[in-house]
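Have a look at the structure below before the remarks.
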Amino acid sequence: MGQSATARAHTNIALIKYWGKQNPELIIPYNSSLSMTLDHFYTDTTVTFSTELTADQILFNQAPADAATNIKMSQFLDLIRQQAHFDLHARIETINHVPNAAGLASSASGYAALAAAASKAAGLDLDRRTLSRLARRGSGSATRSIYGGFVEWQRGTNDTDSFAVPLQETVDWDIQMIAIVLNDREKAVASRAGMANVVATSPYYPSWVQTAEAAMPKMRAAIIKKDINLVGQLAEQSAMQMHATTLSATPPFTYFEPETLQAIQVVQQLRQQGISCYYTMDAGPNVKVICTSQETPQILTALGRYFKPEQLLVAKPGPGITVQQ
Ligand code: 2P0
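Residue 301 in the UniProt record's numbering is what sits at position 301 of the sequence shown, and the numbering runs on without skipping anything.
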């Protein structure tokens with residue numbers, strides 16, 4: 001028996017951030033989140049279940065995965081084996097078209113592609129909502145990478161009602177992001193550990209949950225109105241409110257580095273000159289600038305005074321998952 005399938009999933013950047021789990025095992029978040037899927041950055045994953053394998057084999061860009069990743073991915077495959085009622089091992093071949101250093105969450109596209117390829121290879125014909133729930137078990141942000149365009153992850157309270165829904169799959173207005181790659185040093189605090197520490201210790205955490213939830217209908221409305229300035233303002237607020245929870249944790253920590261503040265300053269100066277651009281940061285120092293394609297050349301010129309051309313990656317809204325057998 002050798003059953004194979006290949007899936008492609010694109011990464012996404014949250015405009016309203018996911019930050020903190022009410023159920024760490026099932027990855028049920030405390031707050032809903034809203035993201036934009038990107039076109040340029042994606043993961044291709046092929047999964048083959050075979051009677052000839054004696055263990056799961058996992059290859060990233062053709063090199064064997066490290067031990068921790070092996071365990072995590074095998075446990076994820078167990079969820080699919082349980083549903084498919086078989087115990088075959090799998091070979092997983094993943095090619096990441098997400099620059100490793102770009103701070104563009106390859107776990108989002110990675111687990112979305114793995115969920116789609118592995119479930120298809122196992123003979124399960126899952127609809128996109130069920131795929132979104134499955135991807136969630138691998139990584140929270142992967143929940144949203146099943147869909148293209150603007151996507152909402154409705155937090156829910158349990159495994160069945162915590163999933164993403166598409167908000168605007170085809171984006172027919174001018175919005176894109178410039179990812180500024182500041183450095184490729186390994187994060188001192190992984191996002192999973194960072195958010196757990198914040199939930200457990202930050203006195204501001206309850207306020208985070210409340211404000212993030214209150215921002216969801218506002219962001220939804222801003223997207224429906226195709227209002228880049230409102231989308232940008234709300235995204236900036238969400239990012240800074242999320243990062244404030246790290247400073248207020250015990251022990252306190254931050255993902256910012258000096259260049260993060262430098263990039264923020266350039267964005268603020270451009271805005272003073274009348275250019276619509278806004279910043280957002282995730283669990284790392286890199287900054288993503290939300291802007292129009294029309295104004296991107298001017299923004300790239302301004303950023304080019306501080307950053308090299310290869311540090312500046314432009315991405316448009318991208319598509320949802322595709323699967324082939
Ligand atoms: C997000 N981040 O909404 C937020 C904003 C980072 C900051 O989702 O523990 O890799 O696997 O669920 O999804 C990054 O965390 O965490 C993330 P797990 P994940 O995009």
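Here a beta-carbon is modelled for each residue, glycine too, at the ideal position from N, C-alpha and C.
Given the structure is predicted, the values throughout are model-derived calculations rather than measurements.
C-beta neighbour in chain C for residue i, strict 8 Å
| i | result |
| --- | --- |
| residue 204 | This model lacks chain C altogether, as it is built from one protein chain only. |
Nearest neighbour of residue i, chosen from the options [CA to CA]
| i | options | result |
| --- | --- | --- |
| residue 24 | 269, 212, 277 and 191 | 191 |
| residue 162 | 3, 5, 26 and 323 | 26 |
| residue 135 | 118, 312 and 223 | 118 |
| residue 257 | 170, 282, 218 and 41 | 282 |
| residue 215 | 297, 232, 201 and 84 | 232 |
| residue 238 | 6, 3, 5 and 13 | 13 |
| residue 153 | 225, 169 and 32 | 32 |
| residue 286 | 292, 307, 271 and 296 | 307 |
| residue 87 | 151, 5, 95 and 76 | 76 |
| residue 98 | 109, 30 and 89 | 109 |
| residue 82 | 58, 277, 122 and 45 | 122 |
| residue 270 | 150, 96 and 303 | 303 |
| residue 178 | 171, 263 and 227 | 263 |
| residue 251 | 290, 193 and 182 | 193 |
| residue 144 | 120, 169, 158 and 224 | 169 |
| residue 141 | 37, 8 and 299 | 37 |
| residue 209 | 222, 195 and 221 | 195 |
| residue 182 | 316, 49, 310 and 41 | 310 |
| residue 149 | 22, 28, 67 and 166 | 166 |
| residue 9 | 255, 213, 107 and 62 | 107 |
| residue 253 | 198, 274 and 4 | 198 |
| residue 219 | 16, 78, 188 and 3 | 16 |
| residue 48 | 41, 92 and 128 | 92 |
According to DSSP, residues forming a beta bridge with residue i
| i | result |
| --- | --- |
| residue 57 | 91 |
| residue 145 | The partner list for residue 145 (beta bridge, DSSP) is empty, contrary to what the question assumes. |
| residue 176 | 291 |
| residue 168 | 150 |
| residue 271 | Paired residues: none, contrary to the question. |
| residue 8 | 44 and 322 |
| residue 163 | 154 |
| residue 279 | 289 |
| residue 96 | 43 |
| residue 234 | In the DSSP output, where bridge partners are listed per residue, residue 234 has none listed. |
Cβ neighbour criterion (16 or more within 10 Å) applied to residue i
| i | result |
| --- | --- |
| residue 206 | exposed |
| residue 173 | exposed |
| residue 318 | buried |
| residue 313 | buried |
| residue 301 | exposed |
| residue 240 | exposed |
| residue 20 | buried |
| residue 64 | exposed |
| residue 56 | buried |
| residue 5 | buried |
| residue 305 | exposed |
| residue 274 | exposed |
| residue 222 | buried |
As assigned by DSSP and simplified to three states, the class of residue i
| i | result |
| --- | --- |
| residue 78 | helix |
| residue 132 | helix |
| residue 285 | coil |
| residue 153 | strand |
| residue 218 | helix |
| residue 1 | The predicted model places residue 1 with a pLDDT of 49, which falls under 50 and marks its position as unreliable; any figure quoted below should be read in that light. Reduced to three states, the DSSP call for residue 1 is coil. |
| residue 22 | strand |
| residue 247 | helix |
| residue 112 | helix |
| residue 205 | helix |
| residue 309 | helix |
| residue 33 | strand |
| residue 51 | coil |
| residue 261 | helix |
| residue 325 | coil |
| residue 317 | strand |
| residue 182 | coil |
| residue 124 | coil |
| residue 297 | helix |
| residue 14 | strand |
| residue 27 | coil |
| residue 118 | helix |
| residue 190 | coil |
| residue 63 | strand |
Integer-rounded CB distance, given that residue j should sit under 8 Å from residue i
| i | j | result |
| --- | --- | --- |
| residue 147 | residue 320 | 4 Å |
| residue 266 | residue 116 | Not really, about 38 Å apart at Cβ, beyond 8 Å. |
| residue 132 | residue 90 | Going by Cβ atoms, the distance from residue 132 to residue 90 rounds to 21 Å, so no, they are not a contact pair. |
| residue 228 | residue 180 | That belief does not hold up - the Cβ atoms of residue 228 and residue 180 are roughly 18 Å apart, past 8 Å. |
| residue 344 | residue 30 | In the structure displayed, the chain extends from 1 to 325; residue 344 sits before or after that span and is not available. |
| residue 276 | residue 295 | 6 Å |
| residue 43 | residue 113 | 4 Å |
| residue 292 | residue 236 | That pair is no contact at about 16 Å. |
| residue 45 | residue 7 | 6 Å |
| residue 28 | residue 201 | That pair is no contact at about 20 Å. |
| residue 58 | residue 70 | 5 Å |
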